[in-house]
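*Asks:* Once you've had a glance at the structure underneath, I'll fire off some questions.
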Amino acid sequence: MSVDVLVNSQVGLTPCLESCAYFFCPDRPPSEDILSFEPIRALVDEDMRALDGVIRHHLHSEVVLVRQVAEYLIHSGGKRLRPLLLLLCARALGYKGNHHHTLAAVVEFIHTATLLHDDVVDKSDLRRGQKTANALFGNEASVLVGDFVYSRAFQMMVSVNHMGVMQVLADATNIIAEGEVLQLLNCHDPEVDETRYLQVIRYKTAKLFEAACRLSGLLAGTSPDIEQHLAAFGGELGTAFQIIDDVLDYSGKLEDIGKNLGDDLAEGKATLPIIYALKNGSAEERMLLRQAIENGGGNTLDAVAHIVQNSGALDYARRRAHDFSLSAIDHLNQALPASPFRDGLHQLTLLAVNRRQ
Numbered sequence: 007m008s009v010d011v012l013v014n015s016q017v018g019l020t021p022c023l024e025s026c027a028y029f030f031c032p033d034r035p036p037s038e039d040i041l042s043f044e045p046i047r048a049l050v051d052e053d054m055r056a057l058d059g060v061i062r063h064h065l066h067s068e069v070v071l072v073r074q075v076a077e078y079l080i081h082s083g084g085k086r087l088r089p090l091l092l093l094l095c096a097r098a099l100g101y102k103g104n105h106h107h108t109l110a111a112v113v114e115f116i117h118t119a120t121l122l123h124d125d126v127v128d129k130s131d132l133r134r135g136q137k138t139a140n141a142l143f144g145n146e147a148s149v150l151v152g153d154f155v156y157s158r159a160f161q162m163m164v165s166v167n168h169m170g171v172m173q174v175l176a177d178a179t180n181i182i183a184e185g186e187v188l189q190l191l192n193c194h195d196p197e198v199d200e201t202r203y204l205q206v207i208r209y210k211t212a213k214l215f216e217a218a219c220r221l222s223g224l225l226a227g228t229s230p231d232i233e234q235h236l237a238a239f240g241g242e243l244g245t246a247f248q249i250i251d252d253v254l255d256y257s258g259k260l261e262d263i264g265k266n267l268g269d270d271l272a273e274g275k276a277t278l279p280i281i282y283a284l285k286n287g288s289a290e291e292r293m294l295l296r297q298a299i300e301n302g303g304g305n306t307l308d309a310v311a312h313i314v315q316n317s318g319a320l321d322y323a324r325r326r327a328h329d330f331s332l333s334a335i336d337h338l339n340q341a342l343p344a345s346p347f348r349d350g351l352h353q354l355t356l357l358a359v360n361r362r363q
């Protein structure tokens, strides 16, 4: 079946996404016209505009440095994927209120706060093709403004006055923090296996995707079964998204991914491509990879990338990401009725596993 047959004028893909041959073929991704973010965003354009207003309003502070960092963050790019998930799911469920704007901003604030702290821990100086906040304003300012953004998120979630919402977000924030610590413990450890790697992803990345989708169900008053399918959709999508992020660290281009290639290796992180190459490489290759992880092998990036690319590790990681994305779509189809919004979520899933940035 041709990919073009699946494209419709409103959103991009019909629910038969899983029958698309390209969905299973990482070497032949769909065309840029099909893999477009903007038609998906257009489905909830008014909501996204309202979200921008909420974000600007609640990032305001009388403290000059907070305002400066906040303005920099607002203008630093990013597709606001996690809020978009919440808004699309809420619309697909027929939600008619306006709390989804507040909660979408809360989700984005939690994500932003984790990035501010992450960049300090990882000593990163580039994100989305621009200097990180810590590179411009210093580590102290980044940590403290991150704390401000976290606390503002909790002020906002309380305003929704929904105990279930507060429980989901409190749990998610706590688990994300545990994921950060788990990742720290895994650094420079060549014994990290796929199970430990996936645990970090589920805690650190997928949990906020899961929370965003679950929140839409809580707002719409869905059944626990639908709420669980929404959460599972978000979690599986978030896992696929992060695996592809790790693939791009060895196969992407600086101008596309907006960060330094090999950052993970320089930090001693054993991501899935490295884990696979360690398991399947020659004795000499395994020794080089182990040393790179133990020592933080940014200076051996070319040699490590060559091993990873020739071991089949990138194809394996892409297949694993596709497996998770198919599971995500299965949960999505069980959670939501057919609609342009569900179709948009289908396309978003396709984008997540075929993206170049």
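Residue numbers (my numbering): 7 to 363. Cβ coordinates follow ideal geometry from the N, Cα and C atoms, glycine included.
#1: With DSSP as the reference, label K102 as helix, strand or coil.
#2: From S42 to V50, what distance separates their C-alpha atoms?
#3: Give the straight-line distance between the Cα atoms of F119 and L332, rounded to the nearest whole angstrom.
#4: Report the option in G185, D131, L243 whose CA atom is closest to the CA atom of L351.
#5: Could you name the residues that DSSP lists as bridge partners for L132?
#6: What does the alpha-carbon distance come out to for the pair Q205 and D199?
#7: Secondary structure at N192, three-state DSSP: helix, strand or coil?
#8: Just to confirm, are S405 and L92 a CB contact at a threshold of 8 Å?
#9: Thinking I313 and A289 are a contact (beta carbons under 8 Å), I'd like their distance in whole angstroms, please.
#10: Alpha carbon to alpha carbon, how far is I281 from A319? Give it in angstroms, no decimals.
#11: For Y28, which of helix, strand or coil comes out of DSSP?
#12: How many Å lie between D53 and L99 at the Cα?
#13: With DSSP collapsed to three states, give me the class of L342.
#14: Who are the Cβ neighbours of Q315 in its own chain at under 8 Å, not counting the five residues just before and after it?
#15: By a C-beta neighbour count over all protein chains shown, 10 Å radius and 16 as the cutoff for buried, is P89 buried or exposed?
#16: Looking at the structure shown, is E242 part of a helix, part of a strand, or coil, going by DSSP?
#17: Tell whether a beta-carbon distance below 8 Å holds between I80 and R62.
#18: Only counting the same chain, and skipping five residues up and downstream in sequence, which positions put a Cβ closer than 6 Å to that of D238?
#19: Since D195 contacts A276 with CB under 8 Å, what's their CB separation in whole angstroms?
#20: What is the DSSP secondary structure of T355, counted as helix, strand or coil?
#21: Are any of the Cβ atoms in chain D nearer than 8 Å to that of M293?
#22: Please say whether G268 and I299 have beta carbons closer to each other than 8 Å?
#23: If we ignore side chains and look at the alpha-carbon of each, how far apart do A117 and R202 end up?
#24: Compare the beta carbon distance of N140 and D153 with 8 Å and say whether it is the shorter of the two.
#25: From the DSSP output, in three-state form, read off D199 for me.
#26: Which complete alpha helix (DSSP H) runs does the stretch 40 to 84 hold, if anything under 4 residues is left out?
#27: Give me the Cα-Cα distance between R362 and L254, rounded to the nearest whole angstrom.
#28: For T138, which residues in the same chain have their Cβ closer than 7 Å to its Cβ, ignoring the five residues on either side in sequence?
#29: Buried or exposed: where does A344 fall if 16 or more other Cβ atoms within 10 Å of its Cβ makes it buried?
#30: If we count the other Cβ atoms within 10 Å of its Cβ and call it buried at 16 or more, is K213 buried or exposed?
#31: Residue range of the alpha helix (DSSP H) that K213 falls in?
#32: Around the C-beta of E44, are 16 or more other C-beta atoms found within 10 angstroms, so that it is buried, or is it exposed?
#33: Inspect the beta-carbon positions of R326 and L278 and report whether they are closer than 8 Å.
#34: What distance in whole Å lies between the Cβ atoms of F247 and M111, which are believed to be in contact at a cut-off of 8 Å?
#35: Kindly indicate which three-state DSSP category N305 falls into: helix, strand or coil?
*Replies:* Answer, in terms of the structure:
#1: Correct three-state label for K102: coil.
#2: 15 Å
#3: Inspection of the sequence shows that residue 119 is occupied by Ala rather than by Phe. About 30 Å.
#4: L243
#5: K137
#6: 10 Å
#7: Here N192 carries a helix assignment [DSSP, helix/strand/coil].
#8: Nothing about residue 405 can be read from this structure; the chain reaches only from 7 to 363.
#9: Actually they do not touch by this definition, with Cβ atoms about 12 Å apart.
#10: Computed Cα separation, rounded: 8 Å.
#11: In this prediction, Y28 scores a pLDDT of 30, lower than 50, which makes its location untrustworthy; the coordinate-derived value is nonetheless stated afterwards. Reduced to three states, the DSSP call for Y28 is helix.
#12: 15 Å
#13: coil
#14: Y256, S257
#15: buried
#16: helix
#17: yes
#18: For the record, residue 238 in the displayed sequence is Ala; it is not Asp. H337.
#19: 7 Å
#20: helix
#21: Judged by its chain identifiers, the structure shown contains no chain D, having just a single protein chain.
#22: Result no, Cβ atoms of I299 and G268 do not sit closer than 8 Å.
#23: Residue 117 is actually His in this sequence, not Ala. Spanning the two alpha carbons is a distance of roughly 22 Å.
#24: no
#25: Taken through DSSP and simplified to helix, strand or coil, D199 comes out as coil.
#26: With a minimum length of 4 residues, the continuous alpha helix (DSSP H) runs that stay inside the stretch 40 to 84 are 44 to 49, 51 to 65, 70 to 80.
#27: 7 Å
#28: D125, S130, D131, L132
#29: With fewer than 16 other Cβ atoms within 10 Å, it is exposed.
#30: buried
#31: The continuous alpha helix (DSSP H) containing K213 extends over residues 213 to 226.
#32: It counts as exposed.
#33: yes
#34: According to the sequence as given, residue 111 is Ala; it is not Met. Rounded, the Cβ-Cβ distance is 20 Å, inconsistent with contact.
#35: In this structure, N305 counts as helix in the three-state DSSP scheme.
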